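Asks: Shown below is the structure under consideration.
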């Protein structure tokens, strides 16, 4: 691993950690399937800038993009626009989102369609999904569970369908399913525990890692789902508990690194980062810098 590149990345991650604790907005990056919730995740969008600036490969399967679609978020606007991280003067405004909401989840489904599901506006919990087709937001289906606030973030698309996991509405959910733009769903093996506010990362094409979240308290534990065998196992626990955090996976040199930053531990907003180089190596602490 390039030492200078790693040092620069750690420096940038300290800034990411400061940003990631702030309730900002929901964004979708057009890099082949990345939709991010800034109310829950400020981290990943900033990493798009990091990966472009430092020449870091993301996953080996999709090219990083410098164009980002921003949709709603706290404090519940309806605005939708595309920004270019390389050209700060380039902004393209799209039609407003149909409703005011935050804490939804989404992704680029069926290869090209942005879709956002769930969320709330401080008063109403939404079970509806919307998709952006021909520059118009259209209804894309209803989530039956109703526990559609703080579903797992991470922008996971599997076989063209959006991963919907956990969530909250009076109580937490252990359900996990895939949904496409036609509202067709496929149920996956239920999680061993009902949680919300967690973050999801694909370890590889057949294994999903669920990181942290909240059951009755913030969690440091992780869970691994084998999508082929539909079996759950425990992953390595993080060094610190966190909820409503950001996470992403990237390739540095020849190593796959999973990053977690920010969030809430039940008492405090976090400015810390943690990273995982391998399941057998355990989580390591990144740079911490408190808010000034």
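Residue numbers (the numbering used here): 13 to 304.
In this text, a Cβ means the ideal position worked out from N, Cα and C, and glycines have one as well.
Given the structure is predicted, the values throughout are model-derived calculations rather than measurements.
Sort out for me which residues DSSP pairs residue 115 with in a bridge.
Replies: To locate residue 115, count along the chain shown from 1; it is residue 103. Answer by DSSP bridge pairing: none, since residue 115 is not bridged.
Asks: Whole angstroms is fine: what's the gap from residue 190's alpha carbon to residue 175's?
Replies: For the purposes of this step, residue 190 is taken as residue 178 along the chain shown, with counting starting at 1. For the purposes of this step, residue 175 is taken as residue 163 along the chain shown, with counting starting at 1. For residue 190 and residue 175, the distance between alpha carbons rounds to 5 Å.
Asks: Whose CA, out of 90, 101 and 252, lies closest to the CA of residue 351?
Replies: The displayed coordinates of the chain run from 13 to 304. Any statement about residue 351 would go beyond what the structure contains.
Asks: Answer yes or no: do residue 205 and residue 238 have a C-beta to C-beta separation smaller than 8 Å?
Replies: Counted from its first residue, the chain shown places residue 205 at position 193. Counted from its first residue, the chain shown places residue 238 at position 226. No, these two residues do not count as a Cβ contact at 8 Å.
Asks: Within the same chain, show all residues whose beta-carbon is closer than 6 Å to that of residue 67, passing over the 5 residues directly before and after it, in chain order.
Replies: Within the chain shown, the letter at position 55 stands for residue 67. For residue 67, the predicted structure reports a pLDDT of 49, less than 50, and the residue's modelled location is therefore unreliable. The matter cannot be settled from this model.
Asks: For residue 116, does the count of other Cβ atoms within 10 angstroms reach 16, so buried, or fall short, so exposed?
Replies: If you number the chain shown from 1, residue 116 lands on position 104. So residue 116 ends up on the buried side.
Asks: Note down the Cα distance separating residue 284 from residue 271, rounded to an integer number of angstroms.
Replies: The residue labelled residue 284 in the question sits at position 272 within the chain shown. The residue labelled residue 271 in the question sits at position 259 within the chain shown. Rounded to the nearest angstrom, the two C-alpha atoms are 11 Å apart.
Asks: Look at the alpha carbon of residue 255 and the alpha carbon of residue 149, and state the distance between them as a whole number of angstroms.
Replies: Position 243 of the chain shown, counted from the first residue, corresponds to residue 255. Position 137 of the chain shown, counted from the first residue, corresponds to residue 149. For residue 255 and residue 149, the distance between alpha carbons rounds to 30 Å.
Asks: Between the stretch 104–111 and the stretch 144–161, do three or more beta carbon pairs fall short of 8 Å?
Replies: With a cut-off of 8 Å, the stretch 144–161 and the stretch 104–111 count as touching, because enough Cβ pairs lie within range.
Asks: Which residue's Cα is closest to the Cα of residue 202: 222, 122 and 193?
Replies: Working through the chain shown from its first residue, we reach residue 202 at position 190. Nearest option by C-alpha distance: 222.
Asks: For residue 252 and residue 215, I'd like the C-alpha separation in whole angstroms.
Replies: Reading the chain shown from its first residue, position 240 is the one you call residue 252. Reading the chain shown from its first residue, position 203 is the one you call residue 215. Roughly 21 Å between the two C-alpha positions.
Asks: Looking at C-alpha atoms only, which residue of 156, 240, 274 and 165 is the closest neighbour of residue 250?
Replies: On the chain shown, residue 250 is found 238 positions in, with the first residue counted as 1. Nearest of 156, 240, 274 and 165 to residue 250, Cα basis: 274.
Asks: Quick check: what's the CA-CA separation for residue 193 versus residue 88?
Replies: As a position in the chain shown, residue 193 is number 181, starting the count at 1. As a position in the chain shown, residue 88 is number 76, starting the count at 1. Each residue's alpha carbon lies about 24 Å from the other.
Asks: Using only CA atoms, which one of 236, 129 and 84 lies nearest to residue 158?
Replies: The residue you call residue 158 lines up with position 146 of the chain shown. Nearest C-alpha to residue 158: 129.
Asks: To the nearest angstrom, report how far apart residue 197 and residue 169 are at their CA atoms.
Replies: Here residue 197 refers to the residue found at position 185 of the chain shown. Here residue 169 refers to the residue found at position 157 of the chain shown. Straight-line Cα distance between these residues: approximately 13 Å.
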